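Below: the structure, in structure tokens.
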Amino acid sequence: MTAMKLAVMGAGPSGFYAVSRILASLPLMSYPDLQVHMYDRVPAPHGLVRYGVAPDHPEVKNCVGKFDHAAQDPRFRFFGNVLVDPTCTSSYQYPKAVPLPLGLMFPYYTHFLFAQGASQPLTLSTLPEATPGLALVHWYTGHPAAPPTPPIPIDAINHLSIIGHGNVSLDIARLLLRDPASLEVFEDLPRHVLQQLEKSTVKHVTIVGRRGPAQVSFTAKELRELMGQPDVSFEHVDRPLLNSARTDNELDRPMKRILDIISKGSKVAWGTSEKSWSLRFLRSPLGCNPSKKELRLGCNTLTPHGQAEASGKEEVVNTDAVVSSVGYRSEVSSGLQPWFDDATGRIRNSNGRVTDSLGHIVRNLYATGWAATGARGVIAAAMQSGYMAADNVLADLQGHVGDSVPSPLPSEPLDGLPVPVDAAEDRITDYNNWRTKIM
Numbered sequence: 007m008t009a010m011k012l013a014v015m016g017a018g019p020s021g022f023y024a025v026s027r028i029l030a031s032l033p034l035m036s037y038p039d040l041q042v043h044m045y046d047r048v049p050a051p052h053g054l055v056r057y058g059v060a061p062d063h064p065e066v067k068n069c070v071g072k073f074d075h076a077a078q079d080p081r082f083r084f085f086g087n088v089l090v091d092p093t094c095t096s097s098y099q100y101p102k103a104v105p106l107p108l109g110l111m112f113p114y115y116t117h118f119l120f121a122q123g124a125s126q127p128l129t130l131s132t133l134p135e136a137t138p139g140l141a142l143v144h145w146y147t148g149h150p151a152a153p154p155t156p157p158i159p160i161d162a163i164n165h166l167s168i169i170g171h172g173n174v175s176l177d178i179a180r181l182l183l184r185d186p187a188s189l190e191v192f193e194d195l196p197r198h199v200l201q202q203l204e205k206s207t208v209k210h211v212t213i214v215g216r217r218g219p220a221q222v223s224f225t226a227k228e229l230r231e232l233m234g235q236p237d238v239s240f241e242h243v244d245r246p247l248l249n250s251a252r253t254d255n256e257l258d259r260p261m262k263r264i265l266d267i268i269s270k271g272s273k274v275a276w277g278t279s280e281k282s283w284s285l286r287f288l289r290s291p292l293g294c295n296p297s298k299k300e301l302r303l304g305c306n307t308l309t310p311h312g313q314a315e316a317s318g319k320e321e322v323v324n325t326d327a328v329v330s331s332v333g334y335r336s337e338v339s340s341g342l343q344p345w346f347d348d349a350t351g352r353i354r355n356s357n358g359r360v361t362d363s364l365g366h367i368v369r370n371l372y373a374t375g376w377a378a379t380g381a382r383g384v385i386a387a388a389m390q391s392g393y394m395a396a397d398n399v400l401a402d403l404q405g406h407v408g409d410s411v412p413s414p415l416p417s418e419p420l421d422g423l424p425v426p427v428d429a430a431e432d433r434i435t436d437y438n439n440w441r442t443k444i445m
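Numbering (the numbering used here), first residue to last: 7 to 445.
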């Protein structure tokens, strides 16, 4: 078997799951020449687990123990603060990161795994003024490239509208509405964020979606947690709307559970609490007037196939700020262009094997996680995707690749590290020192 030198672009959960499976399947005693190099543009590893999971959800981060174990393998190295392919369309600038073009990287590796996620928020053309939900997520998780102040003036607003019926919207609402004193126990919540939440004046959050109750993207777990917040009440949803949603014969058990939770409502009776929240269905944003603090919504109907259709009716909601959380796409760069599908916002692939524009598998190139599937699924989905990518790598090492076009990677890679990395060693973090370097 050819000695593999694998580069992984992105240190999030899918990449780590892939690496852990590869290292476990190729034991050190039998494969001492294997090398796995993982790169990330921020100094700390773990990606979405660290800078996407809400800080009051520490149980979701239990997977870090598995990643720590994989990182102790002497064949593994982590290179933090390295911006691979710096021409990418990033939401942030990373001026302190070491730039590393893919063209300078490829000659050093036999295999390459794209695991950089999907970190570019989708925007709504009708709401250019809306604040991306990701900006709030990066604020309350302490992302190193995000400003330390909240992206909306939470100490000067009363009502917040969030566009999008996903888990991120529920996370934002929960963190803004729950008692800040209850957040003190969570070590991953930055202290400056806690201090800012203590000054928050947000009293009501409205979460708006273009389709009906049976088409929401959030999970029962997230919904139940928000419904159960002490001293936070939920505005009841119209019974006819819920009853209509229940008539769908194709509803699965998770969606039926969500409808039951919505129907039951919050533990705190509506109208009896200082803080509250609501879900608005069948509404699409048409525009907002920040000076008048108005959000204009179009009223929709639902087609038999569950798609939103404009009815022609409109309504205006009074609100102090608008946040948009309607999905994400992967960032594109000149180096990724040959394998990037701009229509879907992800890397072209066939079950984790990168393909060209004609659908041909490109030898020794792989994609995993949201870079491969698009921005959907939770950590468990990242694990499945990572394991699939690892299995592809392992099968191809055994010569089971099948029909494919030549790889841009060499069969005999250059020794050592790419020149920009080797020349900037003092600016780069490794798995053992990243904690001390980001303090």
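Backbone N, C-alpha and C fix where the C-beta goes; we use that ideal spot for every residue, glycine too.
Computed from a predicted model, the values in this text were never measured in an experiment.
By alpha-carbon distance to Leu-308, the top candidate from Leu-292, Val-55, Ala-220 is Ala-220.
For Trp-276, no beta strand (DSSP E) segment is defined, and its DSSP state is neither H nor E.
Sequence-distant partners of Ile-268 (beyond 5 residues in either direction) whose C-beta falls short of 8 Å from its own C-beta, in its chain, are Pro-219, Leu-229, Val-243, Leu-248, Leu-285.
Beyond the five residues adjoining it in sequence on each side, Val-25 comes within less than 7 Å, by CB distance, of Val-14, Val-42, Met-44, Ala-76, Phe-82 in the same chain, given in chain order. Judged by beta-carbon spacing, Ile-168 lies within the 8 Å limit of Ile-178, meaning their Cβ atoms are closer than that value.
Under the DSSP definition of a beta bridge, Phe-82 partners with Val-42.
For Gly-71, the enclosing alpha helix (DSSP H) starts and ends at 70–77.
The continuous stretches of beta strand (DSSP E) do not include Leu-130, and DSSP gives it neither H nor E. The straight-line gap separating the alpha-carbon atoms of Ser-330 and Pro-38 is approximately 48 Å.
For Ala-121, there is no enclosing beta strand (DSSP E), since its DSSP letter is neither H nor E. Classified as buried, Asp-46 has 16 or more neighbouring CB atoms from the shown chains inside 10 Å of its CB.
Taking a cut-off of 8 Å for Cβ pairs, the segment 124–135 and the segment 287–296 touch, as three or more such pairs fall below it. DSSP, reduced to helix, strand and coil, places His-165 within a strand of the structure shown.
For Glu-204 and Arg-180, the gap between their C-alpha atoms comes out near 14 Å.
Each residue's CA atom was taken as its position, placing Ile-367 and Thr-374 some 15 Å apart. Contact check between the segment 272–287 and the segment 141–156: fewer than three CB pairs, one atom from each, fall below 8 Å, which does not count as touching. Short of 8 Å from the beta carbon of Lys-262, and not among the five residues preceding or following it, lie these beta carbons of its own chain, in chain order: Arg-252.
Unbroken alpha helix (DSSP H) stretches of 4 residues or longer found wholly inside the segment 306–385: 376–379, given in chain order.
Glu-228 carries a helical assignment under DSSP once its states are collapsed to helix, strand and coil. Take Phe-22, set aside five residues on each side of it, and the residues of its chain with a beta-carbon closer than 6 Å to its own are Phe-73, in chain order. In its chain, beyond the 5 residues on either side, Phe-240, Ile-267, Lys-270, Gly-271, Ser-272, Lys-273 have a beta carbon closer than 8 Å to the beta carbon of Met-233. Segment contact: the segment 425–442 against the segment 91–105, three or more CB-CB distances shorter than 8 Å; contact assigned.
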